[in-house]
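Chains as they are written, first to last, in my numbering: chain A, 499 to 644; chain B, 31 to 467.
No residue lacks a Cβ here, since even glycine has one placed at the ideal position from N, Cα and C.
Report on one structure; see the data block that follows.
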């Protein structure tokens with residue numbers, strides 16, 4: 499299901515999951531048990547927009563990696579140009595397909611077309627953040643300066 | 031004034047109290063300490079004060095906001111004194127037995143006197159570490175590392191209105207809110223502003239109070255530089271001695287005090303316990319000097335006179351004064367001169383105490399905490415102690431509460447709060463038995 503751009507194995511995800519879950523639980527003031535791998539952050543764990551910034555900041559400290567702001571959105575688009583990805587605020591068919599590949603952890607029924615580009619964060623689950631960390635770790639080994 | 035007397039008057043009831051102070055993390059513990067003379071002043075423990083000329087303070091001890099507030103996420107937006115505010119406000123709301131609900135939220139207001147310092151010391155240290163590696167602040171690095179490297183919540187926590195917004199969020203208040211920043215007068219002026227909201231019909235219920243902590247290296251250094259603090263490190267429990275001839279400065283404290291105010295008739299209809307009527311307040315500006323008070327009491331005189339007029343009380347109605355009484359040589363002398371000027375011979379029949387003798391000076395929180403103490407004095411018919419008064423200053427010739435327990439029925443109580451910059455506030459409370467609608 500995963501594209502060649504960001505192949506991340508389940509093992510890699512599970513390796514970072516405990517610490518990611520702890521970080522998210524702390525940031526959202528939830529019990530660790532609530533922070534399941536599949537839990538959507540906004541609808542499931544009541545996150546608001548500033549919590550995403552907070553969580554990314556905490557993950558950077560926790561894993562000693564750099565995650566540029568806007569990285570999730572950029573990664574989501576992959577090789578598509580902005581016009582190929584979205585039109586007038588809505589995802590194109592190609593964009594939707596690409597997003598679904600990228601967010602392979604999100605269950606397919608949650609990708610109900612039309613999707614507004616600004617609603618993409620609503621799809622993010624705990625696993626999305628695990629993958630973000632794994633990608634940042636891989637990036638760091640490629641170029642130590644990040 | 032003449033025409034107003036015939037018009038129906040909107041009265042304001044105090045129905046809930048909450049305190050987080052150096053004397054205790056709730057109202058009951060704080061009140062007991064004020065009646066038994068147990069001090070909250072001790073060596074500073076929250077940071078290493080060993081390099082300071084003043085190493086004592088009145089710290090809140092062992093307070094964990096998570097015991098009061100279930101919303102753990104809200105607490106990540108809170109610094110130390112926001113936690114005090116949430117804790118004290120939650121106690122006040124529970125004590126009142128009423129809280130904003132969907133149908134009533136728009137009729138609730140919130141007015142706070144909030145802390146003087148927004149940025150916490152640890153955050154300053156972090157900014158220095160990141161942006162002044164070679165000793166010089168590099169503004170351009172804020173642009174590079176600041177965006178990518180700094181905690182995004184620092185900005186939220188350091189907003190001057192942050193305490194207010196956390197309270198609104200936590201209680202779901204949707205009517206009207208404002209924050210008062212008039213240094214040490216803030217808490218009292220917040221309470222007075224809350225009364226006006228109810229009187230003019232903007233709100234039926236107001237959560238009001240004050241909170242502060244300047245007990246950090248920057249705050250302590252600032253007051254040391256001004257020479258405003260008592261340097262009696264070896265005798266912390268004796269260091270704050272308002273109106274004593276040997277007094278030599280105030281003690282920096284921290285904490286929060288909150289009150290729930292309601293329109294009188296509505297409070298009566300729901301059968302609420304009413305501690306006292308919040309009968310009004312008076313405010314004046316000294317426009318004299320930034321930190322000095324006028325030796326004649328000019329400024330506080332007008333605040334007290336206005337408060338009496340606002341409450342439609344006569345000077346001879348007043349039984350108890352919770353003094354600003356910081357224990358600095360100048361404040362106490364000037365305040366006594368003002369009391370004498372307003373009350374004349376009746377000043378000898380007013381019981382006076384400065385509770386700062388036991389809990390130190392809570393800065394922006396002081397006025398609200400002390401208004402709550404006046405409400406308790408009226409409710410219990412007991413007066414809190416002015417501790418450590420052994421050799422009264424001949425220039426402070428008032429009747430101070432020097433013995434315990436000190437039972438006395440209080441008809442009218444007043445509380446003074448004066449701030450750097452020349453803001454003077456006096457709030458006035460009346461025994462509910464004396465309110466005849």
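Between residue i and residue j, what straight-line distance do the alpha-carbon atoms span, to the nearest angstrom?
{"i": "residue 640(A)", "j": "residue 630(A)", "result": "15 Å"}
{"i": "residue 458(B)", "j": "residue 314(B)", "result": "15 Å"}
{"i": "residue 125(B)", "j": "residue 624(A)", "result": "40 Å"}
{"i": "residue 322(B)", "j": "residue 161(B)", "result": "37 Å"}
{"i": "residue 17(B)", "j": "residue 558(A)", "result": "Outside the displayed range of chain B (31 to 467) lies residue 17(B), so it cannot be described from this structure."}
{"i": "residue 399(B)", "j": "residue 452(B)", "result": "20 Å"}
{"i": "residue 297(B)", "j": "residue 123(B)", "result": "14 Å"}
{"i": "residue 357(B)", "j": "residue 363(B)", "result": "9 Å"}
{"i": "residue 38(B)", "j": "residue 369(B)", "result": "31 Å"}
{"i": "residue 578(A)", "j": "residue 589(A)", "result": "12 Å"}
{"i": "residue 602(A)", "j": "residue 154(B)", "result": "42 Å"}
{"i": "residue 233(B)", "j": "residue 191(B)", "result": "20 Å"}
{"i": "residue 598(A)", "j": "residue 515(A)", "result": "21 Å"}
{"i": "residue 304(B)", "j": "residue 339(B)", "result": "23 Å"}
{"i": "residue 549(A)", "j": "residue 556(A)", "result": "10 Å"}
{"i": "residue 627(A)", "j": "residue 255(B)", "result": "49 Å"}
{"i": "residue 100(B)", "j": "residue 186(B)", "result": "20 Å"}
{"i": "residue 374(B)", "j": "residue 381(B)", "result": "14 Å"}
{"i": "residue 218(B)", "j": "residue 521(A)", "result": "41 Å"}
{"i": "residue 136(B)", "j": "residue 225(B)", "result": "17 Å"}
{"i": "residue 269(B)", "j": "residue 291(B)", "result": "35 Å"}
{"i": "residue 302(B)", "j": "residue 127(B)", "result": "8 Å"}
{"i": "residue 20(B)", "j": "residue 533(A)", "result": "The first residue shown for chain B is 31 and the last is 467, placing residue 20(B) beyond what the model contains."}
With a threshold of 16 other CB atoms inside 10 Å of the CB of residue i, please say whether the residue is buried or exposed.
{"i": "residue 177(B)", "result": "Here the model assigns residue 177(B) a pLDDT of 49, short of 50, so the residue's position is not dependable and the matter cannot be decided."}
{"i": "residue 166(B)", "result": "exposed"}
{"i": "residue 130(B)", "result": "buried"}
{"i": "residue 271(B)", "result": "buried"}
{"i": "residue 231(B)", "result": "exposed"}
{"i": "residue 420(B)", "result": "exposed"}
{"i": "residue 444(B)", "result": "buried"}
{"i": "residue 146(B)", "result": "buried"}
{"i": "residue 35(B)", "result": "Reliability of the predicted coordinates at residue 35(B) is poor, the pLDDT of 47 falling under 50, and the value obtained from them is presented with this limitation in mind. By the 10 Å Cβ count, residue 35(B) comes out exposed."}
{"i": "residue 55(B)", "result": "buried"}
{"i": "residue 336(B)", "result": "buried"}
{"i": "residue 349(B)", "result": "buried"}
{"i": "residue 163(B)", "result": "exposed"}
{"i": "residue 41(B)", "result": "buried"}
{"i": "residue 330(B)", "result": "buried"}
{"i": "residue 414(B)", "result": "buried"}
{"i": "residue 248(B)", "result": "exposed"}
Under the assumption that residue i contacts residue j (Cβ atoms under 8 Å), give the Cβ distance between them as a whole number of angstroms.
{"i": "residue 258(B)", "j": "residue 280(B)", "result": "6 Å"}
{"i": "residue 194(B)", "j": "residue 107(B)", "result": "Rounded, the Cβ-Cβ distance is 12 Å, inconsistent with contact."}
{"i": "residue 114(B)", "j": "residue 90(B)", "result": "6 Å"}
{"i": "residue 252(B)", "j": "residue 450(B)", "result": "At roughly 11 Å, the Cβ-Cβ gap does not stay under 8 Å, so residue 252(B) and residue 450(B) are not in contact."}
{"i": "residue 197(B)", "j": "residue 237(B)", "result": "7 Å"}
{"i": "residue 51(B)", "j": "residue 285(B)", "result": "4 Å"}
{"i": "residue 571(A)", "j": "residue 553(A)", "result": "Contact flag wrong, Cβ pair sits at about 15 Å."}
{"i": "residue 170(B)", "j": "residue 246(B)", "result": "Not really, about 28 Å apart at Cβ, beyond 8 Å."}
Can you tell which of the options has the C-alpha that lies nearest to the C-alpha of residue i?
{"i": "residue 306(B)", "options": "71(B), 462(B), 208(B)", "result": "462(B)"}
{"i": "residue 343(B)", "options": "45(B), 168(B), 464(B)", "result": "464(B)"}
{"i": "residue 199(B)", "options": "210(B), 180(B), 218(B), 102(B)", "result": "102(B)"}
{"i": "residue 61(B)", "options": "467(B), 405(B), 380(B), 153(B)", "result": "405(B)"}
{"i": "residue 189(B)", "options": "209(B), 411(B), 205(B), 274(B)", "result": "209(B)"}
{"i": "residue 536(A)", "options": "638(A), 637(A), 636(A), 621(A)", "result": "621(A)"}
{"i": "residue 600(A)", "options": "565(A), 616(A), 633(A), 555(A)", "result": "633(A)"}
{"i": "residue 267(B)", "options": "117(B), 388(B), 66(B)", "result": "388(B)"}
{"i": "residue 347(B)", "options": "247(B), 440(B), 211(B), 361(B)", "result": "440(B)"}
{"i": "residue 121(B)", "options": "349(B), 288(B), 380(B), 424(B)", "result": "288(B)"}
{"i": "residue 575(A)", "options": "561(A), 594(A), 566(A), 565(A)", "result": "594(A)"}
{"i": "residue 410(B)", "options": "57(B), 340(B), 226(B)", "result": "57(B)"}
{"i": "residue 365(B)", "options": "375(B), 384(B), 379(B)", "result": "384(B)"}
{"i": "residue 98(B)", "options": "392(B), 49(B), 82(B), 310(B)", "result": "49(B)"}
{"i": "residue 111(B)", "options": "243(B), 292(B), 68(B), 228(B)", "result": "243(B)"}
{"i": "residue 431(B)", "options": "442(B), 378(B), 456(B), 392(B)", "result": "378(B)"}
{"i": "residue 84(B)", "options": "423(B), 260(B), 446(B), 442(B)", "result": "260(B)"}
{"i": "residue 371(B)", "options": "427(B), 318(B), 359(B)", "result": "427(B)"}
Is residue i a contact residue of the ligand SAM, with contact defined as CB to any heavy atom under 6 Å?
{"i": "residue 165(B)", "result": "By its list of ligands, the structure shown contains no ligand whatsoever, and the ligand SAM lies outside what it can speak to."}
If you scan the segment 358-388 of chain B from start to end, which runs of the alpha helix (DSSP H) of 4 or more residues do you find wholly inside it? Runs found: 359-373.
Extract the residue ranges of the alpha helix (DSSP H) inside the segment 212-269 of chain B, only unbroken runs of 4 or more that lie entirely within it. Whole alpha helix (DSSP H) segments, 4+ residues: 216-229, 247-256, 266-269.
Please list, in chain order, the residues of the segment 528-562 of chain A that have any C-beta partner in chain C closer than 7 Å. Of the chains in the structure shown, none is chain C; the protein chains are A and B.
Counting only runs that start and end within the segment 283-314 of chain B, where is the alpha helix (DSSP H) found for 4 or more residues in a row? Fully contained in the segment 283-314 of chain B are the following alpha helix (DSSP H) runs of length 4 or more, in chain order: 294-299.
Write down every uninterrupted run of the beta strand (DSSP E) in the segment 380-443 of chain B whose length is 3 residues or greater and which is fully enclosed by it, in chain order. The DSSP assignment places complete beta strand (DSSP E) segments of no fewer than 3 residues inside the segment 380-443 of chain B at 381-383, in order along the chain.
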